[in-house]
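Engineer: Numbering (our numbering), first residue to last: 332 to 676. Before I ask anything, here is the structure I am working with.
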């Protein structure tokens, strides 16, 4: 296997990989599934009405499902394609971020590692609210990064748009928003953005996007909030729940990283000295906040309230896992091991 293309033409490899992801995970379930997954059938039922909200969730999932049904003549294959398009858009955003902070081939490796995440492969054919938020989660992260690295307002405007759409996908998106807000208050260089119009433009756009749904929620007696409270089991909490549920959630999510860690281990070589010319502290802080901030906040809220966290709620938490792992370990990775990595991958 010639690995020179990973260094010389990483864009070509990425698009080949993205195409393979879409093709395989659309074709396989189309051929072997006798019926559409449960959440997709539910979304098909809801989507006919084009409401501003539904009794379980905000509207993006049924809107997307209905749109694909209309465009495809109600073909089942289109619903599987929809999931993969969301995943590939998320991969593309993470590829863009990796290219900003790392050079080939490590930026490419960071994205290839994402295929080892359970949520990006075996469960991906079922388009649900967890899959629907993936592109908006990753695009928000990239836009905030770009906003911090430039004086332009357009990244903030896009961040606001994707934040609003992410919230309309699933309310858990709030944990990414909270992590980003804490991040922007954590460093002197980032606190300076509060003296610029950028964050306020982002907040204005996000509010504009979500306001119709929030009005719907109020008019419908907070039905989605009531459903969410019922799912976490607030009424059944015990002292034991305050420790057990966050621990179980974090441990279960940590195990999902095992395939990525195995692939990363294949690249291990002798430690190289980092290049002294670049200050990496800001990049490290950013990656830690967007990677660890949301799961820690979820676990803290679970610990405080004794709330039960469902494992699938961790679906968007691993979008930055590949980039974060490679960035922090890049001085231990040897490009001469790329052949072994590609075989294992």
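Ideal placement from N, C-alpha and C gives every residue a C-beta, glycine not left out.
Does the separation of the CB atoms of residue 690 and residue 646 fall below 8 Å?
Structural biologist: Given that the chain is displayed from residue 332 to residue 676, the structure contains no residue 690 and the question cannot be resolved.
Engineer: Could you say which of 381, 529, 437, 380 lies nearest to residue 337 if we only look at CA atoms?
Structural biologist: For the residues 381, 529, 437, 380, the minimum Cα distance to residue 337 belongs to 437.
Engineer: Look at the alpha carbon of residue 664 and the alpha carbon of residue 339, and state the distance between them as a whole number of angstroms.
Structural biologist: When rounded, the distance between both Cα atoms is 18 Å.
Engineer: Is the distance from the Cβ of residue 356 to the Cβ of residue 415 below 8 Å?
Structural biologist: Yes, Cβ-Cβ distance for residue 356 and residue 415 is below 8 Å.
Engineer: Would you report the Cα separation of residue 447 and residue 616, rounded to the nearest angstrom?
Structural biologist: Straight-line Cα distance between these residues: approximately 24 Å.
Engineer: Please report how far the alpha carbon of residue 397 lies from the alpha carbon of residue 660, in whole angstroms.
Structural biologist: Approximately 43 Å, taken between the alpha carbons.
Engineer: Just verifying my parser: in three-state terms, what is the DSSP assignment at residue 599?
Structural biologist: Three-state DSSP puts residue 599 in a strand.
Engineer: List the endpoints of the continuous alpha helix (DSSP H) containing residue 584.
Structural biologist: Residue 584 -> alpha helix (DSSP H) spans 572-586.
Engineer: How many Å lie between residue 525 and residue 588 at the Cα?
Structural biologist: The alpha-carbon atoms of residue 525 and residue 588 are separated by roughly 35 Å.
Engineer: Between residue 576 and residue 637, what straight-line distance do the alpha-carbon atoms span, to the nearest angstrom?
Structural biologist: Rounded to the nearest angstrom, the two C-alpha atoms are 7 Å apart.
Engineer: If you reduce the DSSP assignment to three classes, tell me which class residue 383 lands in.
Structural biologist: Correct three-state label for residue 383: coil.
Engineer: Report the CB separation of residue 469 from residue 421 in whole angstroms; it is logged as a contact under 8 Å.
Structural biologist: Correct: roughly 4 Å between the Cβ atoms.
Engineer: Run through DSSP, which three-state label would residue 664 get?
Structural biologist: Here residue 664 sits in strand by DSSP.
Engineer: Compute the Euclidean distance between the alpha carbons of residue 527 and residue 515, then round it to the nearest angstrom.
Structural biologist: Rounded to whole angstroms, residue 527 to residue 515 spans 12 Å at the Cα level.
Engineer: So, are the CB atoms of residue 598 and residue 668 less than 8 Å apart?
Structural biologist: Yes, Cβ-Cβ distance for residue 598 and residue 668 is below 8 Å.
Engineer: How about residue 595 and residue 444: do their beta carbons lie closer than 8 Å?
Structural biologist: Taking 8 Å as the Cβ cut-off, residue 595 and residue 444 qualify as a contacting pair.
Engineer: Do residue 417 and residue 351 have their CB atoms nearer than 8 Å?
Structural biologist: No, these two residues do not count as a Cβ contact at 8 Å.
Engineer: Count the other CB atoms, across all protein chains shown, that sit within 10 Å of the CB of residue 378; report buried if there are 16 or more and exposed otherwise.
Structural biologist: By the 10 Å Cβ count, residue 378 comes out buried.
Engineer: Taking 8 Å as the limit between beta carbons, can you name the residues of its chain near residue 522, skipping five residues before and five after?
Structural biologist: 515, 516, listed in sequence order.
Engineer: Do residue 557 and residue 495 have their beta-carbon atoms positioned less than 8 Å apart in this structure?
Structural biologist: Contact: no.
Engineer: Assign residue 559 to one of three DSSP states: helix, strand, or coil.
Structural biologist: Residue state, collapsed to three classes: helix.
Engineer: Quick one: does the C-beta of residue 533 sit closer than 7 Å to a heavy atom of the ligand MN?
Structural biologist: For the structure depicted, the ligand MN is absent and the ligand set is empty, with no information on it obtainable.
Engineer: Can you check whether the CB of residue 503 is closer than 8 Å to the CB of residue 651?
Structural biologist: The answer is no: Cβ separation not under 8 Å.
Engineer: What does the Cβ neighbour count give for residue 365, buried or exposed, with the cut at 16 atoms within 10 Å?
Structural biologist: Looking at its Cβ environment, which holds fewer than 16 other Cβ atoms inside 10 Å, residue 365 is exposed.
Engineer: Is the shortest distance between the beta-carbon of residue 357 and the beta-carbons of chain D less than 8 Å?
Structural biologist: Looking at the structure shown, chain D is missing, and only one protein chain is on hand.
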